[in-house]
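A.B. asks:
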Amino acid sequence: MGADLDALAHSILKENDLGGYTIPTKGLYPYQWNWDSVFVAIGFATFDLDRAWQEIENLFEGQWDDGMLPHILFRKNDPSYFPGPGVWGTKSDPFPTSGHSQPPVAATAVRDLFEQSSAPENVSRAKTLFPKLMAWHRWWATYRDPKGHGTVAIVHPWESGRDNLPDWDEPLSNVDTTGVPEYTRKDTAHVDPEMRPLKQDYDRYMAILTIGKACGWDATEVVEKTPFLVADPAITMILLRANRDLLVLAEKLGFQKDKAEIEGWIAKQERGMETLWNPEIQAYVTRNLRTDVLGAGVSSASFLASYAGLSDPKVIEPLNAHFDRIAGKVEFMLPSYDPDHAGFEHKRYWRGPIWAVVNYLAARGMTEAGDVARAEKIRQDTVSLVERSGFAEYFSPEDGSGAGGNSFSWTAAVWLAWATPSLAVNKAA
Ligand code: GLC
Numbered sequence: 003m004g005a006d007l008d009a010l011a012h013s014i015l016k017e018n019d020l021g022g023y024t025i026p027t028k029g030l031y032p033y034q035w036n037w038d039s040v041f042v043a044i045g046f047a048t049f050d051l052d053r054a055w056q057e058i059e060n061l062f063e064g065q066w067d068d069g070m071l072p073h074i075l076f077r078k079n080d081p082s083y084f085p086g087p088g089v090w091g092t093k094s095d096p097f098p099t100s101g102h103s104q105p106p107v108a109a110t111a112v113r114d115l116f117e118q119s120s121a122p123e124n125v126s127r128a129k130t131l132f133p134k135l136m137a138w139h140r141w142w143a144t145y146r147d148p149k150g151h152g153t154v155a156i157v158h159p160w161e162s163g164r165d166n167l168p169d170w171d172e173p174l175s176n177v178d179t180t181g182v183p184e185y186t187r188k189d190t191a192h193v194d195p196e197m198r199p200l201k202q203d204y205d206r207y208m209a210i211l212t213i214g215k216a217c218g219w220d221a222t223e224v225v226e227k228t229p230f231l232v233a234d235p236a237i238t239m240i241l242l243r244a245n246r247d248l249l250v251l252a253e254k255l256g257f258q259k260d261k262a263e264i265e266g267w268i269a270k271q272e273r274g275m276e277t278l279w280n281p282e283i284q285a286y287v288t289r290n291l292r293t294d295v296l297g298a299g300v301s302s303a304s305f306l307a308s309y310a311g312l313s314d315p316k317v318i319e320p321l322n323a324h325f326d327r328i329a330g331k332v333e334f335m336l337p338s339y340d341p342d343h344a345g346f347e348h349k350r351y352w353r354g355p356i357w358a359v360v361n362y363l364a365a366r367g368m369t370e371a372g373d374v375a376r377a378e379k380i381r382q383d384t385v386s387l388v389e390r391s392g393f394a395e396y397f398s399p400e401d402g403s404g405a406g407g408n409s410f411s412w413t414a415a416v417w418l419a420w421a422t423p424s425l426a427v428n429k430a431a
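Numbering (the working numbering), first residue to last: 3 to 431.
#1: Comparing C-alpha positions only, which one of W90, P320, A430 and L291 sits nearest to C217?
#2: Which residues does DSSP pair with S301 in a beta bridge?
#3: Please go through the region 164 to 194 and give each complete alpha helix (DSSP H) segment of 4 or more residues, from N-terminal end onward.
#4: Who are the near neighbours of F62 in its chain, counting only those whose CB is closer than 6 Å to its CB and skipping five residues on each side?
#5: If we count Cβ pairs, one from each stretch, closer than 8 Å, do we get three or more for the region 155 to 172 versus the region 344 to 358?
#6: Could you please give me the residues that DSSP links to R289 through a beta bridge?
#7: Under 6 Å Cβ to Cβ from E395, same chain only, skipping five residues before and after it: list those, please.
#8: Apart from the five residues just before and just after F46, which ones in its own chain have a Cβ nearer than 7 Å to its Cβ?
#9: With the ligand GLC as the reference, list in chain order each residue whose Cβ lies under 5 Å from any of its heavy atoms.
#10: Taking the alpha-carbon positions, what's the G214 to Y207 distance?
#11: Distance, Cα to Cα, E226 vs R292?
#12: Once DSSP output is grouped into helix, strand and coil, what is the label at G402?
#13: Please name the residue, chosen from L312, S313 and G354, that lies closest to I328 on a Cα-to-Cα basis.
#14: So the candidates are I380, F116, A209 and P183; which of them puts its Cα closest to the Cα of W160?
#15: Starting from the Cα of F132, find the closest Cα among Q258, P337, A5 and L30 and give me that residue.
#16: Short check: CB of W352 to CB of N60, under 7 Å?
#17: For Y83, name the three-state secondary structure that DSSP assigns.
#18: Tell me the rounded alpha-carbon separation between T435 and D6.
#19: Using the beta-carbon count (16 or more within 10 Å), is T238 buried or exposed?
#20: Decide if P105 is buried, meaning its Cβ has at least 16 other Cβ atoms within 10 Å, or exposed.
#21: Tell me which residues share the same chain as V332 and place their Cβ nearer than 7 Å to its Cβ, disregarding the 5 neighbours each side in the sequence.
#22: Assuming S103 and M70 make a contact with CB atoms under 8 Å, what is their CB distance in whole Å?
#23: Taking the alpha-carbon positions, what's the F97 to A108 distance?
#24: Between A365 and A377, what straight-line distance do the alpha-carbon atoms span, to the nearest angstrom?
#25: DSSP puts T27 in a beta bridge; with which residues?
#26: On the premise that L115 lies in contact with A43, defined as a C-beta separation below 8 Å, what is that separation, rounded to the nearest angstrom?
#27: Rank I264, T277 and R381 by C-alpha distance to the C-alpha of L242 and give the top, closest one.
#28: What would DSSP say about A155, mapped onto helix, strand or coil?
#29: So, are the CB atoms of F41 and A415 less than 7 Å apart?
#30: Taking the alpha helix (DSSP H) that H472 belongs to, which residues open and close that run?
#31: What is the DSSP secondary structure of F116, reduced to helix, strand or coil?
#32: Quickly, what does DSSP pair Y396 with across the bridge? List them, please.
#33: List the whole-angstrom C-beta distance separating Q100 from P32, where the pair is believed to meet the contact cut-off of C-beta under 8 Å.
#34: Have a look at I283, A310, R198 and L249 and flag the residue whose alpha-carbon is nearest the alpha-carbon of V112.
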C-alpha cells in the first residue's frame, strides 16, 4: 500500500509539473501558487534535489521590486480560473501575478535543501536565494506590521492561505460590497459548492481585491485603504520560524551583516505573538487591526506554536489540552477549526477540514519540541486519510472523506517528505 502510494505521489508531482514549476491541481488551480510550490519543492527533494531548487528559483521569478512574493504567478493565461490576471491588474513584467502574498515557508525549505548536500552547487543555489528571501522578509517587516506589534497583518483572507476561516467572518462583515463589478465564479464549476465559500464571502473577497487594484497594489496604500486588516497567528508563526531558519542560513552562507536585522525581527515577533493570545479561550487567535477584536475560536494555527519555536509552558500546556480535547472529538487530526465551535463545518474549506500541509508543519514542530506522541498521532492520521481517500486537497476530520480538488500536489509532496510509512522503513534500514 505504502509503496503504491509513493509511486502515485511521484506521478502526481510529475503530472502537475508544467515545466520547472508545478500547479496545485489541474482545473481548479492552474497556476503556480506560492506556498504550494514550496511544499512541492520539499517533496521533489526526496528524489530530485535539482528539481526542488528549480521550483523555488522559479517562484522567485515572480518577486516584486519591493520584495513581495505574490501568492499566484500567472505564467500563462488559463480561463478555467477566476480571478485571473486581468482582474488583479498588476504589472505584467515578466508575467502578471496576484497583488498580495502567502505564508512565507520558503526560507525554511531553502534551509532544508541547503542542508541536504554540501556540494558547491548546492551552496551556491542557497546563496543566490538568500538576498531574495531577505528582501521578502523585510517586506513583511516594513509594510505588514503597521501598528508595530510584531505580528503579520494580512490584507485579504487569501493571503493567509486559510482562505475561508470562521475568524475572517467578523472582519469581513465590515467590507462594503456595493461597488463590486459583476463576476462569474469558476471554483464552483470544478468542485461541489458545499465545499467552497458562500457567495456573500466571495463578494467581499472581490470588494477587497477591487480596492487593492485601485491602490495600484502599492504596499503602503493598500494597508491604509483595505477594509480588511487582520493580524494572523499562522503567518506570524510561519514567518517567525522562517526567520530562525534565515538566521542559520545567514551564518552558514556568510551573510554576517544581515544577522542583526533578522535577530531584531525574531525578538519582535516573539513579543508580538503575545498580542495574539486570547486569555479567555487560551489559544492563539486573529486580531482585527481595524476594530481590535480578537478571534474567538481555536484554529489549527495554534498548533504551530512549537514550529515557531515558542515553548513557554503557559502556552504549550493549554494548547496541548485543546489538542487532546479535539482529538477526543474527531476521528482524524488536525481539523482546521474547533469542532466544538459553532463555525465548524467538516467539509467546507478551512472551516473544519484537514490540510496535510498544516499537519506536516504542526507535527514537525511537535517532534522538534519532543512531543513525539502528538506528532505521531498527526502523522498516522494523515496516513489513514491518504490511504482512504487518496491525495485530496483536504479531508473531513469526521469521516475521512476527501474534498476539494484531487491529485493535489502539496498533499503528494508532504506524503513523500514526511507522512509515508516507507520513510520509517528506510530510516530503520
Ligand atoms: C486554496 C488554499 C490556499 C492554497 C490554494 C492552492 O486557495 O486556501 O492555501 O494555496 O488553494 O492550493
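Glycine included, C-beta positions come from ideal geometry on N, C-alpha and C.
C.D. replies: If we stick to the structure as given:
#1: For the purposes of this step, residue 217 is identified with residue 215 of the sequence shown, where counting begins at 1. When only C-alpha atoms are compared, the closest one is W90.
#2: Walking along the sequence shown from the start, residue 301 turns up at place 299. Answer by DSSP bridge pairing, in chain order: Y339.
#3: 171 to 174 and 189 to 192
#4: Taking the sequence shown and counting its residues from 1, one reaches residue 62 at position 60. If you ignore the 5 residues before and after F62, its C-beta comes within less than 6 Å of the C-beta of K134, all in its own chain and listed in chain order.
#5: yes
#6: Your numbering for residue 289 matches position 287 in the sequence shown. DSSP lists A233 and L296 as the bridge partner or partners of R289.
#7: To locate residue 395, count along the sequence shown from 1; it is residue 393. These residues qualify, in order along the chain: G406, G407 and F410.
#8: Position 44 of the sequence shown holds residue 46. In the same chain as F46, and ignoring 5 residues on each side of it, the C-beta atoms closer than 7 Å to its own belong to L15, R53, A54 and E57, in chain order.
#9: Qualifying residues come out as P26, Y31, W35, D38, G163 and D165.
#10: Numbered from its first residue, the sequence shown carries residue 214 at position 212. Numbered from its first residue, the sequence shown carries residue 207 at position 205. Annotation: G214 to Y207 spans about 11 Å, alpha carbon to alpha carbon.
#11: The count along the sequence shown starts at 1 and reaches residue 226 at position 224. The count along the sequence shown starts at 1 and reaches residue 292 at position 290. The straight-line gap from Cα to Cα measures roughly 10 Å.
#12: As a working note, residue 402 is residue 400 in the sequence shown. Of the three classes helix, strand and coil, the one that applies to G402 here is coil, per DSSP.
#13: The residue labelled residue 328 in the question sits at position 326 within the sequence shown. It is G354.
#14: Sequence index remark: in the sequence shown, residue 160 carries index 158 (1-based). Minimum Cα-Cα distance from W160 among the listed residues I380, F116, A209 and P183 corresponds to A209.
#15: For this step, residue 132 is matched to residue 130 along the sequence shown. Minimum Cα distance to F132 is reached at Q258.
#16: Numbered from 1 along the sequence shown, position 350 holds the residue referred to as residue 352. Numbered from 1 along the sequence shown, position 58 holds the residue referred to as residue 60. By the CB criterion at 7 Å, W352 and N60 fall outside the cutoff.
#17: For the purposes of this step, residue 83 is identified with residue 81 of the sequence shown, where counting begins at 1. Residue state, collapsed to three classes: coil.
#18: The requested residue 435 is not part of the displayed model; the chain covers only 3 to 431.
#19: Residue mapping note: residue 238 aligns to position 236 of the sequence shown, counting from 1. The residue in question, T238, is buried, as its Cβ has 16 or more Cβ neighbours within 10 Å.
#20: Residue numbering aside, residue 105 sits at position 103 when the sequence shown is read from its first letter. With 16 or more Cβ atoms within 10 Å of its Cβ, P105 is classed as buried.
#21: Residue 332 sits at position 330 when you count from the first residue of the sequence shown. So the qualifying residues of the chain are P341, P399 and E400.
#22: In the sequence shown, counting from the first residue as 1, residue 103 sits at position 101. In the sequence shown, counting from the first residue as 1, residue 70 sits at position 68. Confirmed, about 6 Å.
#23: As a first step, residue 97 must be located in the sequence shown, where it is residue number 95. As a first step, residue 108 must be located in the sequence shown, where it is residue number 106. Using only the alpha carbons, I get a separation of about 21 Å.
#24: For the purposes of this step, residue 365 is taken as residue 363 along the sequence shown, with counting starting at 1. For the purposes of this step, residue 377 is taken as residue 375 along the sequence shown, with counting starting at 1. Between A365 and A377, the C-alpha separation is close to 4 Å.
#25: As a position in the sequence shown, residue 27 is number 25, starting the count at 1. Paired residues: Y31.
#26: Sequence index remark: in the sequence shown, residue 43 carries index 41 (1-based). Sequence index remark: in the sequence shown, residue 115 carries index 113 (1-based). At roughly 7 Å, the Cβ-Cβ gap stays under 8 Å, so A43 and L115 are in contact.
#27: Locating residue 242 in the sequence shown gives position 240, where the first residue counts as 1. The candidate whose alpha carbon is nearest that of L242 is I264.
#28: Residue mapping note: residue 155 aligns to position 153 of the sequence shown, counting from 1. Strand, per DSSP.
#29: Within the sequence shown, numbered from 1, the residue matching residue 41 stands at position 39. Within the sequence shown, numbered from 1, the residue matching residue 415 stands at position 413. Result yes, Cβ atoms of F41 and A415 sit closer than 7 Å.
#30: What is shown of the chain runs 3 to 431, which leaves residue 472 out entirely.
#31: The count along the sequence shown starts at 1 and reaches residue 116 at position 114. Of the three classes helix, strand and coil, the one that applies to F116 here is helix, per DSSP.
#32: As a working mapping, residue 396 is identified with position 394 in the sequence shown. Beta-bridge analysis with DSSP links Y396 to A405.
#33: Position 98 of the sequence shown, counted from the start, is the residue given in the question as residue 100. Position 30 of the sequence shown, counted from the start, is the residue given in the question as residue 32. Note that residue 100 is Ser in the sequence shown, not Gln. Taking 8 Å as the upper bound for CB-CB distance, S100 and P32 are not in contact here, some 14 Å apart.
#34: On the sequence shown, residue 112 is found 110 positions in, with the first residue counted as 1. Per the Cα distances, L249.
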